[in-house]
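Visitor: Sharing a structure here in structure tokens format.
In this note's numbering, the protein residues as written are 359 to 717.
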């Protein structure tokens with residue numbers, strides 16, 4: 359699909375970080391995407407571009423039909439990203455049921471291409487006993503698109519619902535007239551809306567002691583994910599998935615490099631697993647007693663320490679032309695407020711060569 363040829367591309371979750379970055383990339387290329395938002399969304403950036411907005415609740419069948427009318431391609435980014443344990447119903451509605459209903463409505467409306475933005479959490483991870491090589495540069499085994507899913511037993515609502523959506527979409531996409539493509543980004547690094555991420559890091563990161571873990575994780579720059587998602591819409595193969603990952607690093611390396619980048623000399627300490635579990639349960643218990651609705655540290659997060667979250671993007675590199683910058687470059691730019699190339703700090707447009715007029 360040629361996104362520069364008058365095609366109408368719908369971005370769901372357009373007010374989110376990835377949604378806004380997709381709009382930024384598409385408009386720079388001359389495309390005028392249609393933005394799906396909620397009633398409560400901040401649409402300042404979308405309005406500044408004069409783009410068409412469509413307000414819809416993705417759990418409402420009646421609103422979904424109007425949302426996809428006259429659309430050629432869809433990039434579905436809307437999701438609930440959280441690791442809390444007590445909201446399975448809400449996770450299911452947004453992350454599992456809504457994508458399926460949206461795809462069915464898209465097929466009925468004659469939409470040509472549908473890109474479902476999922477997560478590497480819906481693919482697999484490497485158990486620590488099999489991926490415990492502590493050498494820098496990544497574990498000896500990496501997850502790819504063919505690795506069997508092995509995280510269902512964790513019973514984490516976010517992972518369960520993202521995987522369920524993929525499985526159902528693959529089933530209905532097999533015989534559909536609408537091309538389905540799934541992309542699985544890893545942990546995306548993006549600037550905050552304040553534009554001062556250095557001050558934010560100084561405020562939030564403890565000065566003296568930080569926990570250090572040896573399990574690996576994967577981080578990727580938002581500015582690399584968005585073009586790859588658009589490439590998947592344009593030329594991704596029907597009924598295929600593509601992992602969009604960056605560097606595989608240890609959590610300990612991440613903590614050390616971030617603290618050094620902001621001028622802190624915090625001590626990185628190994629914390630016993632049992633102590634972490636107790637702290638997580640205590641955080642949830644305290645929240646219930648005090649009536650706080652938001653908790654950042656859930657016991658489900660502790661389960662993730664048993665895995666290396668390491669990934670290969672070779673397939674996306676070969677078929678989509680995907681490339682990613684070093685995570686250390688990304689973090690340096692983020693923590694020094696030089697994260698250019700987003701809607702907050704646009705990169706300069708490439709210079710156009712002058713066209714010679716005929717004599």
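Note that the Cβ used here is the ideal one computed from N, Cα and C, for glycine as well.
(1) Could you tell me the distance, in whole angstroms, from the CA atom of residue 623 to the CA atom of residue 615?
(2) Name the two residues that bound the continuous alpha helix (DSSP H) containing residue 530.
(3) Looking only at C-alpha atoms, which of 366, 625, 370 and 385 sits nearest to residue 700?
(4) Between the C-alpha atoms of residue 594 and residue 689, what's the straight-line distance to the nearest angstrom?
(5) Alpha carbons only, please: which of 383, 453 and 372 is nearest the one belonging to residue 437?
(6) Please tell me whether, using a cut-off of 7 Å, the distance from the CB of residue 559 to the nearest non-hydrogen atom of the ligand NAD is below it.
(7) For residue 411, does the three-state DSSP call read helix, strand or coil?
(8) Give me, in chain order, the residues of the same chain whose beta-carbon lies closer than 6 Å to that of residue 545; leave out the 5 immediate sequence neighbours on both sides.
(9) Find the nearest neighbour of residue 628 within the set 641, 607, 613 and 596, judged by alpha-carbon distance.
(10) Which residues in the same chain as residue 472 place their Cβ atom closer than 6 Å to its Cβ, once the five residues preceding and following it in sequence are excluded?
(11) Using 10 angstroms around the beta-carbon of residue 398, count the other beta-carbons present and answer buried if the total reaches 16, otherwise exposed.
(12) Let's test the definition: count the other Cβ atoms within 10 Å of the Cβ of residue 343 and tell me whether it reaches 16, buried, or not, exposed.
(13) Since residue 671 and residue 601 are thought to touch, with beta carbons under 8 Å apart, how far apart are those beta carbons, to the nearest angstrom?
(14) Throw me the rounded Cβ distance for the residue 659 and residue 638 pair, which I believe falls under 8 Å.
(15) Locate the beta strand (DSSP E) running through residue 634, then write down its first and last residues.
(16) Below 8 Å on the Cβ atoms is my contact criterion, and I expect residue 574 with residue 666 to pass it. Report the Cβ-Cβ distance as a whole number of Å.
(17) Under 8 Å Cβ to Cβ from residue 458, same chain only, skipping five residues before and after it: list those, please.
(18) Mind checking residue 606: buried by the 16 CB within 10 Å criterion, or exposed?
(19) Near residue 379, what residues of its chain come up, given a Cβ to Cβ distance below 8 Å and the 5 sequence neighbours on each side ignored?
(20) Note down, in chain order, each residue of its chain lying with its Cβ closer than 8 Å to the Cβ of residue 555, except the 5 sequence neighbours on either side.
(21) Got a sec? Which residues, its chain only, sit under 7 Å from residue 485 by beta carbon, not counting five neighbours each side?
(22) Mind checking which residues open and close the beta strand (DSSP E) that includes residue 543?
(23) Can you list, in chain order, the residues of its chain with a C-beta nearer than 7 Å to that of residue 488? Leave out the 5 residues immediately preceding and following it.
(24) Do you know offhand how far residue 423's Cα is from residue 390's?
(25) Can you tell me whether DSSP reads residue 665 as helix, strand or coil?
Guide: According to the structure data:
(1) For the purposes of this step, residue 623 is taken as residue 265 along the chain shown, with counting starting at 1. For the purposes of this step, residue 615 is taken as residue 257 along the chain shown, with counting starting at 1. Roughly 10 Å separates the two Cα atoms.
(2) As a position in the chain shown, residue 530 is number 172, starting the count at 1. It spans 515-531 - the alpha helix (DSSP H) in which residue 530 sits, taken as one unbroken run.
(3) Mapped onto the chain shown, residue 700 falls at position 342. Selected option, being the one with the closest Cα: 385.
(4) Counting from 1 along the chain shown, the entry for residue 594 is found at position 236. Counting from 1 along the chain shown, the entry for residue 689 is found at position 331. Whole-angstrom Cα-Cα distance: 29 Å.
(5) As a first step, residue 437 is located in the chain shown; it is residue number 79 there, counting from the start. Out of 383, 453 and 372, 453 has the C-alpha closest to the C-alpha of residue 437.
(6) The ligand NAD is not part of the structure shown, which contains no ligands of any sort.
(7) On the chain shown, position 53 is the one that residue 411 refers to. It is a strand residue.
(8) Taking the chain shown and counting its residues from 1, the one referred to as residue 545 is at position 187. The answer, listed in chain order, is 577.
(9) Numbered from 1 along the chain shown, position 270 holds the residue referred to as residue 628. Of the listed residues, the one whose Cα sits closest to residue 628 is 613.
(10) The count along the chain shown starts at 1 and reaches residue 472 at position 114. Cβ neighbours of residue 472 within its own chain (closer than 6 Å, five residues either side excluded): 432, 461, 464, 536 and 538.
(11) As a first step, residue 398 is located in the chain shown; it is residue number 40 there, counting from the start. Exposed: under 16 other Cβ atoms inside 10 Å.
(12) Lying before the first or after the last residue shown, residue 343 is absent from the chain, which here runs from 359 to 717.
(13) Within the chain shown, residue 671 is the residue found at index 313, counting from 1. Within the chain shown, residue 601 is the residue found at index 243, counting from 1. 5 Å between Cβ atoms; contact.
(14) Indexing the chain shown from 1 puts residue 659 at position 301. Indexing the chain shown from 1 puts residue 638 at position 280. Going by Cβ atoms, the distance from residue 659 to residue 638 rounds to 7 Å, so yes, they are a contact pair.
(15) For the purposes of this step, residue 634 is taken as residue 276 along the chain shown, with counting starting at 1. Looking at the DSSP string, residue 634 is not in any beta strand (DSSP E); the run it does join, the alpha helix (DSSP H), is 631-648.
(16) Indexing the chain shown from 1 puts residue 574 at position 216. Indexing the chain shown from 1 puts residue 666 at position 308. About 4 Å; that satisfies the 8 Å criterion.
(17) Here residue 458 refers to the residue found at position 100 of the chain shown. Cβ within range, chain order: 523, 526, 527 and 530.
(18) Within the chain shown, numbered from 1, the residue matching residue 606 stands at position 248. Result: buried.
(19) Taking the first residue of the chain shown as position 1, residue 379 is located at position 21. Correct list, in chain order: 548, 580, 581, 583, 584, 700 and 701.
(20) For this step, residue 555 is matched to residue 197 along the chain shown. Same-chain partners within the cutoff: 549, 692, 693, 695 and 697.
(21) Working through the chain shown from its first residue, we reach residue 485 at position 127. So the qualifying residues of the chain are 664 and 665.
(22) The residue given as residue 543 occupies position 185 in the chain shown. For residue 543, the enclosing beta strand (DSSP E) begins and ends at 537-543.
(23) The count along the chain shown starts at 1 and reaches residue 488 at position 130. Unreliable positioning characterises residue 488 in this predicted model, as indicated by a pLDDT of 43, which lies under 50. The coordinate reading is nonetheless provided below. 499, listed in sequence order.
(24) In the chain shown, residue 423 corresponds to position 65, counting from 1. In the chain shown, residue 390 corresponds to position 32, counting from 1. For residue 423 and residue 390, the distance between alpha carbons rounds to 21 Å.
(25) Sequence index remark: in the chain shown, residue 665 carries index 307 (1-based). Strand at residue 665.
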